[in-house]
Amino acid sequence: MKESDSKKDFSVEEITEQLVQHIQSRNLSDFYKLVKELHPYDLSLVYKKFPEEETNRFLLLFKPDALADLAETLKLHEQIQLFERLGPERTLEVMQQMDKSDLIRFMHDLPAKRREELLSNMNLDHSAIIRSVLNYPPETAGRIMTDQYRTLLAHETAKEALRQSQGTMHISASSYLYVTDNEGKLVGVVSYRSLALADDKTQVEELMTRRVIHATVDMDQEEAAQLLQRYEFMALPVVDENHRLCGVIQMDDVIDIIMDEASEDLAKMGGGSKDIDFDTKPLVAVRRRLPWLILLLLIGLISGSIVDFFEDTLNQVVALAFFMPMIAGMTGNTGTQSLAVVVRGLIGRKLDKATVLALIGREIKVGTMIGLVCGLLITVIAYFWQGDWLLGAIIGVSLFLTLVIGTLTGTCIPLLLSRFKVDPAVASGPLITTLNDILSLFIYFGIATRFLDALM
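What follows is the structure, encoded as structure tokens:
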């Protein structure tokens, strides 16, 4: 590749075309020179664009460690396709080079029979580590921890600790070393910097911090991620019920968890599925989304029944129909806002009675203030539009009450689900919107019917 070319930003298509040309002309020098400049993620984009007839030749030019980096950036179905191309022997070589947390995620999603086949053919030490992690329940700290960390003993000197840790700091994103006793129990943590600056004869126990923020192997992965994020650590130690150090959760894995959990919660709040993305086939997306929508359709029929029940009121005061969508829409919106606040606040947090009461009290205040402002505003608008103060007052009071109730609905439903150990994100936006539609229409027409004679 020319000097001027190295300074130019190429598109994925252009890079792919260049690599194909290098393969076809057997210009491996320029091939490797270009590949060396690519980040694994960029290489994965190139791999997906590579012509089918050249893909096998393309993969043959990579060593197992490079293919492992590539595999770690791919989705499950793409990883399976990659390993099918590589064949059994090369697949095992690549898997043994993969980051264990990425490999464990891949193994977890495989059918049990296929997973056992791969594990039985792996290096015994490697497979034993993976089996031990897979024994922990899904979505716990034990499942996402890595064994890539370095431990020290409290009686070691700074010089001894530094000598032992030389050449091992690259295996972890953390700049901290964990201190254990002879039984493997976590007793402290010390920074690499503290060791480097200390006198050679200073013992580790004089430098270490004894109060170590940690996760337990059975802690929910989302709670562990929040713990690491809250303290702004690069890594978080994980201990078992006997306080023995079992592994470390690293920041790069936590970022994946936070993004996955956020995507999952947003999908659930929208009545969808976390497994739907740009690559999902239409029929699969329909199958995952349709059940929710059918359920909401059936619940929504209740709204139609309410309108039918108050048909006489609506026929006598047609102007009520103008404000019906606004009342229902505003109530649904405020409920969804409260739901989002509560679901976000519940992540990684234990609830007690005082917290729940404080949250409900705050949301009542918020709903009341929002209701007052919006209620007064719509009262004035309705008066100038329809020329009737009573109609404006009925609409304003209805909106005020429904906004308060909508806020409470969006707050209480996720709290109740959390109380019964159900993921609060399943209290989805469409469900709360539909429920609030029913309540808002009932309140609106109920008040209007009460003052029907005065409106005539």
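Quick note, the sequence shown lines up with residues 2 to 457 if you use my numbering.
Where is the CB? At the ideal position from N, CA and C, for every residue including glycine.
Ignore the nearest five residues each way along the sequence and tell me which others in Arg116's own chain have a CB closer than 6 Å to its CB. As a working note, residue 116 is residue 115 in the sequence shown. Excluding residues within five positions, the ones whose Cβ falls inside 6 Å are Met108.
Which residue from Thr450, Lys37, His127 puts its Cα closest to that of Leu104? Here residue 104 is taken as the residue at index 103 of the sequence shown, counted from 1. Checked all of Thr450, Lys37, His127; the closest Cα to Leu104 is His127.
Classify Ile444 as helix, strand or coil using the three-state DSSP reduction. Position 443 of the sequence shown, counted from the start, is the residue given in the question as residue 444. Residue state, collapsed to three classes: helix.
Quick check: what's the CA-CA separation for Pro415 versus Val343? Taking the sequence shown and counting its residues from 1, the one referred to as residue 415 is at position 414. Taking the sequence shown and counting its residues from 1, the one referred to as residue 343 is at position 342. Using only the alpha carbons, I get a separation of about 7 Å.
Beta strand (DSSP E) containing Gln251: first to last residue? Indexing the sequence shown from 1 puts residue 251 at position 250. First-last of the beta strand (DSSP E) with Gln251: 246-251.
Beta-carbon separation of Ser304 and Thr408 under 9 Å? The residue given as residue 304 occupies position 303 in the sequence shown. The residue given as residue 408 occupies position 407 in the sequence shown. The answer is no: Cβ separation not under 9 Å.
Run through the DSSP bridge pairs and tell me what Thr181 is partnered with. Here residue 181 refers to the residue found at position 180 of the sequence shown. Answer is Leu154, Leu187, bridged to Thr181.
Looking only at C-alpha atoms, which of Ile379, Pro65, Glu79 sits nearest to Glu94? The count along the sequence shown starts at 1 and reaches residue 94 at position 93. For Glu94, the nearest C-alpha among the options comes from Pro65.
Considering only residues of the segment 321-385, which uninterrupted alpha helix (DSSP H) runs meet the minimum length of 4 residues and lie entirely inside it, listed in chain order? 321-347
Around the Cβ of Leu20, are there at least 16 other Cβ atoms within 10 angstroms (buried) or fewer (exposed)? As a position in the sequence shown, residue 20 is number 19, starting the count at 1. Flag for Leu20 reads buried.
Please classify Val213: does DSSP put it in a helix, a strand, or coil? Walking along the sequence shown from the start, residue 213 turns up at place 212. Val213 sits in coil when the DSSP states are folded into three classes, being neither helix nor strand.
On the premise that Ile145 lies in contact with Ile250, defined as a C-beta separation below 8 Å, what is that separation, rounded to the nearest angstrom? By one-based count along the sequence shown, residue 250 stands at place 249. By one-based count along the sequence shown, residue 145 stands at place 144. Correct: roughly 6 Å between the Cβ atoms.
At least 3 beta-carbon pairs within less than 8 Å: the segment 183-192 vs the segment 205-218: yes
DSSP three-state label for Leu298, please. Translated into the one-based positions of the sequence shown, residue 298 becomes position 297. Three-state DSSP puts Leu298 in a helix.
Can you name the start and end residues of the beta strand (DSSP E) that Ala236 belongs to? In the sequence shown, the residue the question calls residue 236 occupies position 235. Where Ala236 is concerned, the enclosing beta strand (DSSP E) stretches over 236-240.
Beta-carbon within less than 8 Å of Ile361's beta-carbon, same chain only, minus the 5 sequence neighbours each way: which residues are those? As a first step, residue 361 is located in the sequence shown; it is residue number 360 there, counting from the start. Leu409, Thr412, Cys413, Leu416, listed in sequence order.
Should the segment 307-316 be called in touch with the segment 371-383, which here means at least 3 C-beta pairs below 8 Å? no
Can you give me the C-alpha to C-alpha distance between His171 and Arg164, rounded to a whole angstrom? For the purposes of this step, residue 171 is taken as residue 170 along the sequence shown, with counting starting at 1. For the purposes of this step, residue 164 is taken as residue 163 along the sequence shown, with counting starting at 1. Note that His171 scores 46 on pLDDT, short of 50, meaning its location in the model is unreliable and no value can be drawn from it.
Quick one: what does DSSP say Arg58 is sitting in, helix, strand or coil? Numbered from its first residue, the sequence shown carries residue 58 at position 57. Here Arg58 sits in helix by DSSP.
So who's on the other strand from Gln149, going by DSSP bridges? By 1-based counting over the sequence shown, the position of residue 149 is 148. Paired residues: none, contrary to the question.
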